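Here the structure is laid out as structure tokens; the discussion comes afterwards.
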Amino acid sequence: MLRNIRSYARLELALEPGLVLVTGANGAGKTNLLEAVHVGTQGFSPRTRTDAQIVRFGESAGRVALAGTRGASRMHLEVTVQPGEGKRAKINGASLTAAEQLRTELAVLVFTPDRLAVVKGGPAVRRAYFDRVLGRLSPPRAPLAAEYAAAVVQRNAALRRIAAGYSSRDALSPWTERVAELGRSLVEARMEVIALLASGFAERADELGLPAARLVYDGKPPSVPDLEASIERDLDRGTTGLGPHLDDVQLLSGTRDLRQFGSQGEQRLTVLALLLAEAQLIADRRGYAPLLLLDDVLSELDPERRRALAGRVAATGQTLITSTTASALPAEPSQLLQVSPGTVRAA
Ligand SMILES: Nc1ncnc2c1ncn2[C@@H]1O[C@H](COP(=O)(O)OP(=O)(O)O)[C@@H](O)[C@H]1O
Ligand SMILES: [Mg+2]
Numbered sequence: 205m206l207r208n209i210r211s212y213a214r215l216e217l218a219l220e221p222g223l224v225l226v227t228g229a230n231g232a233g234k235t236n237l238l239e240a241v242h243v244g245t246q247g248f249s250p251r252t253r254t255d256a257q258i259v260r261f262g263e264s265a266g267r268v269a270l271a272g273t274r275g276a277s278r279m280h281l282e283v284t285v286q287p288g289e290g291k292r293a294k295i296n297g298a299s300l301t302a303a304e305q306l307r308t309e310l311a312v313l314v315f316t317p318d319r320l321a322v323v324k325g326g327p328a329v330r331r332a333y334f335d336r337v338l339g340r341l342s343p344p345r346a347p348l349a350a351e352y353a354a355a356v357v358q359r360n361a362a363l364r365r366i367a368a369g370y371s372s373r374d375a376l377s378p379w380t381e382r383v384a385e386l387g388r389s390l391v392e393a394r395m396e397v398i399a400l401l402a403s404g405f406a407e408r409a410d411e412l413g414l415p416a417a418r419l420v421y422d423g424k425p426p427s428v429p430d431l432e433a434s435i436e437r438d439l440d441r442g443t444t445g446l447g448p449h450l451d452d453v454q455l456l457s458g459t460r461d462l463r464q465f466g467s468q469g470e471q472r473l474t475v476l477a478l479l480l481a482e483a484q485l486i487a488d489r490r491g492y493a494p495l496l497l498l499d500d501v502l503s504e505l506d507p508e509r510r511r512a513l514a515g516r517v518a519a520t521g522q523t524l525i526t527s528t529t530a531s532a533l534p535a536e537p538s539q540l541l542q543v544s545p546g547t548v549r550a551a
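Heads up: the sequence shown begins at 205 in my numbering, then just goes up one per residue.
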């Protein structure tokens, strides 16, 4: 049940397992429905970090309550969003210390057209994406990227103090060592994630008509001697010019770089193949398939690729796909929902 989450005043809905197709005109509330399910299962919106934006205009709070199964166990989830007061979440009646904790309890993967930035955008977007995959696949290592970034910030501050004559060069060594140590752990963790994703990514991409898809990590662990060798440059610029904060991940089809040479449709398939590869890893590791929320995924895909996608997601736990028209999906969904402003009904 959703209450006052964005465009719905109140909504009660039973979602079928398998593939749920959510249709409706532009602005009807399809993205809102997926967003509400995401808030209810993960404790945050994939669209915004600002709580006020997910509460219906003119209301002071919103609530999502969900009942369902995770593997063999029944679960009741409840998330309340009250801008200014924060969010509260409960699982089976027990309060969590933070709504974001839901992430460790349930896995949800999202496609929105914004995610195309993972292929099209700069290296920072890809680094952030693979670091989030790392956090989902290996929760204890989720803080690693932030710890490394903090070490770089501290080393940079030390570089500037030295350049300004406020401290001696000796002051840099502990930071250089910390950057090298955390940098090595982060590069190793990212390479592991990429190795884990590689075969599933290639298989799913191939199935979706993108041949010989590969992921290549571009970077190597920063060593203390390498960092020390570039100390003059670093002092000059006041920044650390070496390390995984500058690395990238190449997304290739054969030898073709999809970032520069992929069509819009191919870039979409790349993001989907990454998502589906991760979904399989999550299912293997956690013992239950993640919920997939695929918003506006079908445009730019030809009927053959839409069919391949529908076939793949129909074989996993539960997937919500939005589309302006039901005919865009060349497959029979388990459930067809029609969204019009403020309501959703099963067709
Ligand atoms: N906080 C809000 N409260 C009420 N309505 C909102 C809020 N934020 C956005 N909307 C409106 O909700 C409608 C549905 O949006 P959306 O779910 O994105 O539609 P679509 O079906 O195209 O995905 C839009 O018309 C939008 O203006
Ligand atoms: Mg939408």
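Note that CB positions come from ideal geometry on N, CA and C, so glycine has one too. Only a predicted model underlies this, so the values are computations on that prediction, with no experimental measurement involved.
Simplified DSSP assignment, three categories, for residue i
i: F552; result: Since the first residue shown for the chain is 205 and the last is 551, residue 552 is missing from the structure and cannot be characterised.
i: F248; result: coil
i: Y352; result: helix
i: A551; result: coil
i: E282; result: strand
i: K187; result: The shown model of the chain, from 205 to 551, leaves out residue 187, and the question about it has no answer.
i: L456; result: strand
i: T235; result: helix
i: R214; result: strand
i: V501; result: coil
i: R274; result: strand
i: S299; result: strand
i: L419; result: strand
i: L401; result: helix
i: A269; result: strand
i: R207; result: strand
i: T380; result: helix
i: S389; result: helix
i: T308; result: helix
i: D506; result: coil
i: S531; result: helix
i: D461; result: strand
i: L414; result: coil
i: L495; result: strand
i: G222; result: strand
Residue i versus residue j: straight-line alpha-carbon distance, rounded
i: L217; j: V548; result: 8 Å
i: G458; j: D410; result: 11 Å
i: S342; j: E482; result: 12 Å
i: N360; j: R437; result: 12 Å
i: R388; j: A354; result: 15 Å
i: S434; j: A393; result: 25 Å
i: R330; j: Q468; result: 17 Å
i: A256; j: A229; result: 25 Å
i: G326; j: D451; result: 11 Å
i: R617; j: P507; result: Since the first residue of the chain shown is 205 and the last is 551, residue 617 is not available in this structure.
i: D488; j: R441; result: 46 Å
i: S427; j: A350; result: 19 Å
i: F315; j: T380; result: 38 Å
i: A551; j: L502; result: 20 Å
i: S372; j: F334; result: 37 Å
i: L376; j: L348; result: 21 Å
i: Q471; j: R463; result: 7 Å
i: R251; j: G262; result: 20 Å
i: A321; j: A532; result: 24 Å
i: R460; j: A269; result: 46 Å
i: R516; j: L363; result: 51 Å
i: G272; j: T245; result: 10 Å
i: G560; j: G413; result: No information on residue 560 is available, as it lies outside the stretch 205 to 551 that the chain covers here.
i: E536; j: R253; result: 35 Å
i: N236; j: Y352; result: 35 Å
i: R207; j: R267; result: 5 Å
i: G466; j: T444; result: 32 Å
i: V543; j: A518; result: 21 Å
i: R490; j: R511; result: 28 Å
Closest residue to residue i among the options (Cα-Cα distance)
i: G233; options: R489, I258 and R253; result: I258
i: I398; options: L376, L478 and Q542; result: L478
i: A402; options: V420, S211 and L412; result: V420
i: A311; options: P287, F248 and A406; result: F248
i: R260; options: A518, I209 and A519; result: I209
i: G275; options: V543, Y492, S544 and L446; result: Y492
i: G555; options: A384, R490, A416 and V337; result: Missing from the structure shown is residue 555; the chain here goes from 205 to 551 and no further.
i: V453; options: G445, L476 and G423; result: G423
i: E396; options: V337, V543 and V323; result: V337
Contact belief for residue i with residue j at Cβ below 8 Å, rounded distance in angstroms
i: V391; j: P425; result: 4 Å
i: T474; j: L455; result: 6 Å
i: A574; j: V285; result: Missing from the structure shown is residue 574; the chain here goes from 205 to 551 and no further.
i: M205; j: L219; result: Not a contact, Cβ separation roughly 12 Å.
i: L485; j: L400; result: 6 Å
i: I366; j: L431; result: Not quite, the Cβ-Cβ distance comes to about 14 Å (not below 8 Å), so this is no contact.
i: A346; j: G339; result: 3 Å
i: D344; j: S538; result: Reading off the sequence, residue 344 comes out as Pro, not Asp. Their Cβ separation, rounded to whole angstroms, is 36 Å, which puts P344 and S538 out of contact at 8 Å.
i: R292; j: S299; result: 7 Å
Can you find at least 3 beta carbon pairs, one from the region 292–306 and one from the region 220–240, that sit closer than 8 Å?
no
Are there three or more Cβ pairs, one per stretch, closer than 8 Å when the region 210–226 is compared with the region 514–532?
yes
Can you find at least 3 beta carbon pairs, one from the region 315–324 and one from the region 281–297, that sit closer than 8 Å?
no
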